[in-house]
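Working notes, structure below.
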Amino acid sequence: ELYYEYESAMSHYAAESALLRHIDSGLEVIYDRMIVPGMIDMKAAAVLPDIFKAARIRLISGTADHLIVRYPGLRTGMRAMLHNGMAYVPVYFKDAEIRFFRSGDTPSDVTGEVAYSFDYVFDRPDIIRRCFELVPEHRMLLLSAAREADRTGIHSEDEKDIVVRALHELDISPDFRAELIGDLCAFGGSLNWLDVLERSDFGSASGRKLFSLLTEAGELKKAYETLNICGSENVGAEAALRFAGETIRQNSIPGKDGKIDPFFTGLCKYLYDNGKADADVLTFLTREYEGNSEEMFRIMRSAAESGAGLNDLPEKIVTVKLFADSTAHIDEAFEAYIENCDYTELILRAYFTVRCTDVFINDDGKDHHILFDALSSYIRAVEDPAALPVIYQLAITKYYSEKEDMDEKELKICQQLTDELIGRGLVFCYTKKLRKKIRVPEEICRRFYVEYHAASDEPPKMLARVVPDEEDYHVADMKRVYRNIYVMSAILFKGDELQYIIYDNSHEKKAAEEGIITVKKFHRQNDDLFEDLNAMTRAIEEKDIDELRERMLSFAEHKELIKELFSLENQHVTEHWS
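The sequence shown maps to residues 895 to 1472 in my numbering.
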């Protein structure tokens, strides 16, 4: 009778204490006896789960001030103070982590230093069930449902809604968020949940799945945002290729103010570097990519092999290489430029100037047919080849000296340019070689030439001797003919051997070049003096004294005649100027 008299007051007291989340050893009994499912309303349902899922934690050994209960999947935990070594705290899941701390300037984790007992205070599943029926949005119920959906996978729109709510309402840990987003991506369907995502979600482990899902759904803008955060290397080359190809085909290339976003260009370059670029990506790169000239050349070559359009890439390559003074693959790039682009006179002449200078001054002995095919066509088209820059004339005539077959047009141009160069005193070793193809003055043909390309602005030093007539070396005169090119010439006869040593400058001790020119044939010129000299040499070899005497007299007469004529010429010139 006494119990029934106070039952209402005790029930009211239990409800008020529960709403305040109070609990101790005395309240344990009151709550268990006085709270029943029928008295739970919406307000109580929101609070009572924390009471009826409470655990009693008592320290057995060690000391601590408070503890924190954390659940896998949540970033935050529940903190509870320890009073006389005991605390009440709700524990909803068996895999909850309990950590103990001791207060101070910096709280220290002493979990490893304590031993404790753990007991659930209540066994009232009827209360928990009623609370969750009234408040299905309870955070722990939501977390439990989300964990179950992650464990088994999402199979319905309702389960998808639960996961979306969990992402929106709970302070979920990054790893669990990534798992739930992966579950949503795997389920597919409507993408009405994208607005719950945070920026960090795009860079998580689920970013790869999210990127593929957005690309397949045609959400290219959001897929690109994902890509920007994740990075090309983290979404997978195949998925990135699908995105890039679809973006290019739809002409939805991201950018601003008419300029393409460099990140997208970088994505396409990443695909190319990983061997994943298709024709669409290659064509885009040939149109938009600007970088190292050798990288651009690689792209150009790949595009040409695949049949993709080259656009203006060859022009970019040639221009950059000319500006950077790089000749690697410049001829191949120039050939592609001529064949695929609307070439300009400016770039054309710049290429000819740079390459002719490089080939003529620093000839590496390689095949330069691309240069000379283009230069030959260019020279054929001009009205006056002799008006072209001297370096063009030098390069093409040297090329002609080595060419086996020449047509009439080439022979005519070669003769015209050679006459022009000889008239300027520009005579080199190759000039003599041209005598087999065109007319070359006998004065040039009867001489033997040594050509040296100096490494610096200082003139080189040359020592020479003609064996067998000379035993000692003497300083020979090397004439600077063009830029850093020096030439020495000498008249030699059958049996002569010109031995020479060249130093980079007058004070250099180490020889830069050594060589020997041996004459094994008679001169072929029809000049009377050389005819006499050839005959004298032959008479000495055959020990024909009479022939030798006759040729010596003829040689002397010719020399005297030349002196007389030269004297008369000088006298005439002197009188004229007087």
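Note that the Cβ used here is the ideal one computed from N, Cα and C, for glycine as well. It should be emphasised that the depicted structure is a prediction, and the values quoted were computed from it without experimental measurement.
Could you round the C-beta distance between T1238 and I1285 to whole angstroms and report it? I think they count as a contact, below 8 Å.
That pair is no contact at about 20 Å.
Give the DSSP-derived three-state secondary structure of L1242 in the structure shown.
In the structure shown, the three-state DSSP call for L1242 is helix.
Pick out whichever of R1024, L1028, K947 and V1058 has its Cα sitting closest to the Cα of A1039.
The alpha carbon of A1039 has as its nearest neighbour, out of R1024, L1028, K947 and V1058, the alpha carbon of V1058.
For P984, report the span of its beta strand (DSSP E) as first-last.
Membership of P984 in the beta strand (DSSP E) is indicated by the continuous run M980 to P984.
Take P1148 and list the residues in its own chain whose beta-carbon comes closer than 7 Å to its own, dropping the five residues that flank it on each side.
Within the same chain, and ignoring the five residues on either side of P1148 in sequence, the residues whose Cβ sits closer than 7 Å to its Cβ are Y1118, D1155 and F1158.
Beta-carbon contacts of V1015 that lie in its chain and below 6 Å, excluding the five residues immediately before and after:
Counting only Cβ-Cβ distances below 6 Å, and skipping sequence neighbours, we find E922, A948 and R950.
What number of angstroms, rounded off, separates the C-alpha of I934 from the C-alpha of A981?
A direct Cα-Cα distance of roughly 26 Å separates I934 from A981.
Could you check which residue in D1077, Y1397 and S911 has the C-alpha nearest to that of A1043?
If you compare the alpha carbons of D1077, Y1397 and S911 with that of A1043, the shortest gap goes to D1077.
Contiguous alpha helix (DSSP H) assignments of at least 4 residues, all confined to the stretch 1295-1359
Correct list: 1302-1317, 1323-1327 and 1336-1339.
Output needed for H1050: all residues of its chain with C-beta closer than 8 Å, excluding positions within five of it in sequence on either side, in chain order.
Before going further, note that residue 1050 is Ser rather than His in the sequence given. Cβ within range, chain order: n/a, list empty.
Under 6 Å Cβ to Cβ from L1114, same chain only, skipping five residues before and after it: list those, please.
Spatial neighbours of L1114 in its own chain (CB-CB distance under 6 Å, excluding positions within 5 residues in sequence) are listed in chain order as T1141 and S1146.
Which residues DSSP lists as bridging V1381, in chain order:
Beta-bridge pairing links V1381 to E1345 and K1373.
Within a Cβ cutoff of 8 Å, which residues of the same chain sit near R1318, ignoring the five residues on either side of it in sequence?
Shown here for R1318: same chain residues with a beta carbon closer than 8 Å to its own, the five before and five after excluded, namely V1284 in chain order.
Excluding sequence positions up to five away, which residues of its chain have a Cβ less than 8 Å from the Cβ of G1082?
Beyond the five residues adjoining it in sequence on each side, G1082 comes within less than 8 Å, by CB distance, of L1107 in the same chain, given in chain order.
What separation, rounded to the nearest whole angstrom, lies between the Cα atoms of S1126 and Y1183?
As the crow flies, the alpha-carbon of S1126 is around 17 Å from that of Y1183.
Roughly how many angstroms lie between the CA atoms of P1353 and V1214, to the nearest whole one?
Their Cα atoms are separated by approximately 34 Å.
Taking the beta strand (DSSP E) that G971 falls in, what are its first and last residues?
It spans G971 to M975 - the beta strand (DSSP E) in which G971 sits, taken as one unbroken run.
C-alpha distance - Y1272 paired with D1363, whole-angstrom precision:
Rounded to the nearest angstrom, the two C-alpha atoms are 50 Å apart.
Only counting the same chain, and skipping five residues up and downstream in sequence, which positions put a Cβ closer than 8 Å to that of I1241?
Contacts found: E1209, V1212, T1213, L1216 and Y1231.
Can you look up Y965 in the DSSP assignment and give me helix, strand or coil?
DSSP, reduced to helix, strand and coil, places Y965 outside both helices and strands of the structure shown, so it counts as coil.
Which partner residues of K1153 appear in the DSSP bridge assignment?
Paired residues: K1150.
Can you confirm whether the stretch 1381-1390 touches the stretch 1333-1347 when touching is taken to mean that 3 or more C-beta pairs between the two stretches lie within less than 8 Å?
Output reads yes: the stretch 1381-1390 touches the stretch 1333-1347.
For the 8 Å Cβ check, are there 3 or more pairs between the stretch 907-921 and the stretch 1002-1009?
Fewer than three pairs of CB atoms, one per stretch, sit closer than 8 Å, so the stretch 907-921 makes no contact with the stretch 1002-1009.
What does the alpha-carbon distance come out to for the pair M904 and I945?
The alpha-carbon atoms of M904 and I945 are separated by roughly 17 Å.
Could you work out which residue in A1138, F995 and I1290 is closest to G1112 when comparing CA atoms only?
Checking every option, the nearest Cα to that of G1112 belongs to A1138.
R1093 and C1124 closer than 8 Å at C-beta
Taking the C-beta atoms as reference points, C1124 is found no nearer than 8 Å to R1093.
Which stretch, first to last residue, makes up the beta strand (DSSP E) that contains R996?
Here the beta strand (DSSP E) through R996 covers E991 to R996.
Cβ-based neighbour list, M936, same chain, cut-off 7 Å, excluding 5 preceding and 5 following:
Setting aside the 5 residues that flank it on each side, M936 is surrounded in the same chain by L1028 and V1029, each with a C-beta closer than 7 Å to its C-beta; the list follows chain order.
Along the chain, where does the alpha helix (DSSP H) containing T1177 start, and where does it finish?
That run of the alpha helix (DSSP H) goes A1173 to E1182.
Do the CB positions of K1292 and Y1324 come within less than 8 Å of each other?
Less than 8 Å separates the beta-carbon of K1292 from that of Y1324.
Please identify the residue among Y1164, A1173, I1338 and E1226 whose C-alpha is closest to the C-alpha of S1187.
E1226 is the residue among Y1164, A1173, I1338 and E1226 whose C-alpha sits nearest the C-alpha of S1187.
Is DSSP giving T1473 helix, strand or coil here?
With the chain running from 895 to 1472 in the structure shown, residue 1473 is simply not present.
Less than 8 Å separating the beta-carbons of I1021 and P931?
The beta carbons of I1021 and P931 sit closer together than 8 Å.
Length of the line joining the Cα atoms of L1392 and R1359:
If I take the Cα positions, the gap works out to 6 Å.
Which term fits K1054, buried or exposed, when burial requires 16 or more other beta carbons within 10 angstroms of its beta carbon?
That one is buried.
DSSP state of I934, grouped into three classes?
Here I934 sits in coil by DSSP.
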